[in-house]
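K.L.:
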Amino acid sequence: MLFMTPTCNSGHWHWTPLFIWRTTKSAITSLSTILKSSLRCEMDLHEGAAHGHGEGVLDLSRLNLNTLSLVEISEERKMGTKQLYLSFNRLPSLPGSVCMFSNLEFLDISNNGLSVICEGITWLTKLRTLIAKNNRLDEFSLPKEFGSLPLEVLNLSGNRFEEMPAQFLKLQRLQSLSLGGNRLQSIPAEIENLTSLEMLYLGGNLITSIPPELANLPYLSYLVLCDNRIQGVPPQLTRLHSLRSLSLHNNLLTYLPREILSLVRLQELSLRGNPLVVRFVKEMTYDPPSLLELAGRTIKSRNVPYSSCDMPSHLLHYLDLASKCPNPKCAGVYFDSCVRHIKFVDFCGKYRLPLMHYLCSPECTSPCSSNPQSDAESEDEISVPAYRLQRVLLG
Ligand SMILES: [Zn+2]
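Position in the sequence shown (first residue = 1) + 7 = this note's numbering.
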């Protein structure tokens, strides 16, 4: 039984739940009682919906409901409800009757054992937040038109998704997506469609790689990929200019791309629980450069002048692809042939991170010490100032 009492706050009456007394037998009866008791103050509630705080809130959580009968709720009440709490009940599916709350903006249906979300949800054309944590939802649980909802926040953590449903990738207004603790094995390249996304939480899945397309999200500030099986970070992530926090702990990373230093807004980077290499990697793979590459290197590094009349367009394009060798003691460039090389970079004077470098030739590594603990290599090394990374969590 839920008792509610009218209270007055800044001149407006609204309902405050006093306490909840749960019975397993009379779940439906209790709902009916609440609704009857609340009907008496219908007008006040409606009034409150237009003014003070807490207005338009209907809390039906923790009532052992296994169905949702709304016949006792007046049209006015339904229209006035903007936030509906149905969490911690026993609803096996989100009932179609929910669509009668046509002004609903916030719906929490967490912890129900839900395996189906009815088509009726797509009629909630003002729904901005949907929270359905800890249910039994998977990619077959959602209506086809789910992607037409104007959702800004979607939290489906603790469910059974094995892949990200195509409907999610149509939610163009989505700012926060949480799918932690599911069974996702990959992140679809179409994640780049979610151009409003600011927070992406995918911790605790089975993800093995990060698609470069993720870097096309201009507002992404918080990216949580901890507790997965990720083996590498694509260098394209450097394009995430808004990124403030990157959680990568408990994955299978052995190094990071050097480009991670370009994430100028990054303040938090968590890396504990990764097999990040602790020794300098001596083994290098290096295929001799082609004659084309050698010619291109010579033109670029010696600044030989050329114009579009001098060579066919594919060679002009090739010359544009030259990458500058990151070794500050080498003025060279490279094209396709380079040395993969892991170098430790001093972060905040406290941590040394293994970053992947690409050098133009094996000779470029000569100024470097083979011992990561040695001070000898730090002279030409980039040191990331403390203000850049306020927190680096290595364990
Ligand atoms: Zn070089």
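For each residue, glycine too, the CB sits at the ideal point set by N, CA and C. These numbers were taken from a predicted model, which means no experiment stands behind them.
If we define contact as Cβ-Cβ less than 9 Å, is residue 333 a contact residue for chain D?
P.N.:
Judged by its chain identifiers, the structure shown contains no chain D, having just a single protein chain.
K.L.:
If we count the other Cβ atoms within 10 Å of its Cβ and call it buried at 16 or more, is residue 162 buried or exposed?
P.N.:
Its Cβ being crowded by 16 or more others within 10 Å, residue 162 is buried.
K.L.:
Looking at residue 249 and residue 225, is the spacing between their C-beta atoms short of 9 Å?
P.N.:
Yes; because the gap between Cβ atoms is below 9 Å, this pair is in contact.
K.L.:
For residue 327, report the span of its alpha helix (DSSP H) as first-last.
P.N.:
Counting along the chain, the alpha helix (DSSP H) containing residue 327 begins and ends at 320-327.
K.L.:
If we count the other Cβ atoms within 10 Å of its Cβ and call it buried at 16 or more, is residue 271 buried or exposed?
P.N.:
Burial call: exposed.
K.L.:
Please classify residue 314 as buried or exposed, where buried requires at least 16 neighbouring CB atoms within 10 angstroms.
P.N.:
Answer is exposed; the Cβ neighbour count stays below 16.
K.L.:
For residue 340, which residues does DSSP report across the bridge?
P.N.:
Residue 340 is bridged to 331.
K.L.:
Ligand 1 and residue 339: does the residue's C-beta get closer than 8 Å to at least one heavy atom of that ligand?
P.N.:
Yes, ligand 1 has a heavy atom inside 8 Å of this Cβ.
K.L.:
What is the rounded straight-line gap between the Cα of residue 122 and the Cα of residue 140?
P.N.:
Taking the straight line joining both Cα atoms gives about 12 Å.
K.L.:
What is the DSSP secondary structure of residue 244, reduced to helix, strand or coil?
P.N.:
If DSSP states are grouped into helix, strand and coil, residue 244 belongs with the helices.
K.L.:
Mapping the DSSP letters down to three states, classify residue 48 as helix, strand or coil.
P.N.:
Model confidence at residue 48 stands at a pLDDT of 34, short of 50, so the residue's coordinates are unreliable; what they give is reported in the following sentence. It is coil, neither helix nor strand.
K.L.:
Using a Cβ distance threshold of 8 Å, determine whether the stretch 140-159 contacts the stretch 167-182, with at least three qualifying pairs required.
P.N.:
Because the criterion of three Cβ pairs below 8 Å is met, the stretch 140-159 and the stretch 167-182 touch.
K.L.:
Looking at ligand 1, does it come within less than 8 Å of residue 366, judged from the CB to the closest heavy atom?
P.N.:
Yes, the Cβ of residue 366 comes within 8 Å of a heavy atom of ligand 1.
K.L.:
What residue from 108, 62 and 211 has the CA that sits closest to residue 75's CA?
P.N.:
Here the closest residue by C-alpha is 108.
K.L.:
When you compare only the Cα positions, how much space is there between residue 114 and residue 333?
P.N.:
Their Cα atoms are separated by approximately 51 Å.
K.L.:
If you count every other CB in all the chains shown that lies within 10 Å of the CB of residue 324, and 16 or more means buried, which is it?
P.N.:
With fewer than 16 other Cβ atoms within 10 Å, it is exposed.
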